[in-house]
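This report concerns only the one structure given below.
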Amino acid sequence: MKAPVEISFGADTTLGYVRYGNGPTHVLVMHDWLGDHSSYDAVMPCLDGHAFTYVFVDVRGYGQSIELAGEFTVEEISSDCLMLADQLGWTRFHVVGHSMTGMITQRIAADAPSRVASAIAVCPVSAAGNRLSPEALAFFASTIEDDEALRRLFKFVAGGLSDKWVDLKVRQSRDTVSPACRAGYLEMLVTANFVDDVRGLETPYLVIVGDKDPGLDSAAMTRTFLAWHPNAELHVIPNCGHYPMQECPPYFAALIEGFLKRIVGNSVHGTAPELK
1 MKAPVEISFG ADTTLGYVRY GNGPTHVLVM HDWLGDHSSY DAVMPCLDGH
51 AFTYVFVDVR GYGQSIELAG EFTVEEISSD CLMLADQLGW TRFHVVGHSM
101 TGMITQRIAA DAPSRVASAI AVCPVSAAGN RLSPEALAFF ASTIEDDEAL
151 RRLFKFVAGG LSDKWVDLKV RQSRDTVSPA CRAGYLEMLV TANFVDDVRG
201 LETPYLVIVG DKDPGLDSAA MTRTFLAWHP NAELHVIPNC GHYPMQECPP
251 YFAALIEGFL KRIVGNSVHG TAPELK
């Protein structure tokens, strides 16, 4: 039997979004620095729309929110997402963040700990930010306008995917991301530091990395997310780079939903999260 799932575009809230599924468990999903909600298009058909309602949000400057100006800060994204949850009528929900928005899962959990049932951080930058050398910062900044530099970045982090995939990612990024917001969020990434606000948060966490992601590896996660969050667990996806939702969609869907269903089951039975 086909799941009664439906994709709809949000126009009645501050942030734009795509909704998938109509299940009782609510999941807010955020994208990375280089693309909007459509980075998750390949994984959507693999998700359980009976059990979950997913809202794939576009933060300011991306996708459905591309015309929204802002300060482009950690605090602003958290506030916008919590406002969206209010408008959706979600009192308690799960959050998923990828890369840049990995740190936003931490900010939201710190800002509203009673509302965040669990968090999933995918190939994430942490609350400590991503301090870059002057040379690396100059390269990342160049990708905002330079297609060849952006192509090199996607090729570097993608774990060996085809040139055709890289070309598609470049076009997706150019079509769905405003250059002004990219510059603002890059500043956010390299200056953010709110570790003291998240240290000791008891929110159940699943941290996911690919074993071919060159910068955000398991050692980095052990020093950050796993060191700060007592209820965090790490999963390393084999033969995968920085985009598991595109590189291995069925596996990624099974991984996150296995975690979410375990958290929901533990909540129903009043037990603490069982970490692996």
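The sequence shown begins at 1 in UniProt numbering and counts up one residue at a time. Each residue gets a CB set at the ideal place from its N, CA and C atoms; glycine is no exception. This structure is a prediction, so every number in the text was calculated from the model and none was measured.
| Asked | Found |
| --- | --- |
| Identified DSSP bridge partners for LEU206 | ILE120, GLU233 |
| Assumed close pair VAL43, MET245 - CB separation to whole angstroms, cut-off 8 Å | 5 Å |
| As assigned by DSSP and simplified to three states, the class of LEU28 | strand |
| Check whether VAL27 and HIS98 have beta carbons under 9 Å apart | no |
| Simplified DSSP state of GLU274, which is helix, strand or coil | Residue placement at GLU274 cannot be trusted, given a pLDDT of 40 that sits under 50; what the coordinates show is reported in the next sentence. The answer is coil: DSSP assigns GLU274 none of H, G, I, E or B. |
| Residues bridged to GLY97 [DSSP beta-bridge criterion] | ALA121 |
| CA nearest to the CA of SER218, picked from ALA121, ASP41, LEU186 | ALA121 |
| Nonlocal neighbours in the same chain, by C-beta distance under 6 Å from residue 277, ignoring five residues either side | Lying outside 1 to 276, the shown extent of the chain, residue 277 is not represented and no answer is given. |
| Helix, strand or coil at TYR62 according to DSSP, with G and I counted as helix | strand |
| Distance CB(GLY23)-CB(HIS50) smaller than 9 Å | yes |
| Residues that DSSP places opposite VAL177 in a beta bridge | TYR62 |
| Spatially closest choice to VAL264 from ASP41, PHE52, PRO45, by CA coordinates | PHE52 |
| THR191, DSSP secondary structure in three states | helix |
| C-beta contact flag for ASN130 and VAL209 at 9 Å | no |
| Rounded distance between the beta-carbons of THR176 and GLY35, thought under 8 Å | 6 Å |
| Residue range of the unbroken alpha helix (DSSP H) whose run includes SER39 | Counting along the chain, SER39 falls outside any alpha helix (DSSP H), and DSSP gives it neither H nor E. |
| N- and C-terminal bounds of the alpha helix (DSSP H) containing SER126 | Run containing SER126: none; DSSP gives neither H nor E here. |
| Nonlocal neighbours in the same chain, by C-beta distance under 6 Å from VAL166, ignoring five residues either side | ARG151, PHE154, LYS155 |
| Cβ-based burial, LYS164 [other Cβ within 10 Å; buried from 16] | exposed |
| Alpha-carbon to alpha-carbon, HIS229 and GLN64 | 32 Å |
| Terminal residues of the alpha helix (DSSP H) in which TRP33 lies | Here TRP33 belongs to no alpha helix (DSSP H), and DSSP marks it neither H nor E. |
| Assigned secondary structure, LYS212 (DSSP; H/G/I helix, E/B strand, else coil) | coil |
| Residues near GLU274 by beta carbon distance below 6 Å, same chain, minus five either side | Summary for GLU274: the model assigns pLDDT 40, below 50, so the residue's position carries little reliability, and this model does not support an answer. |
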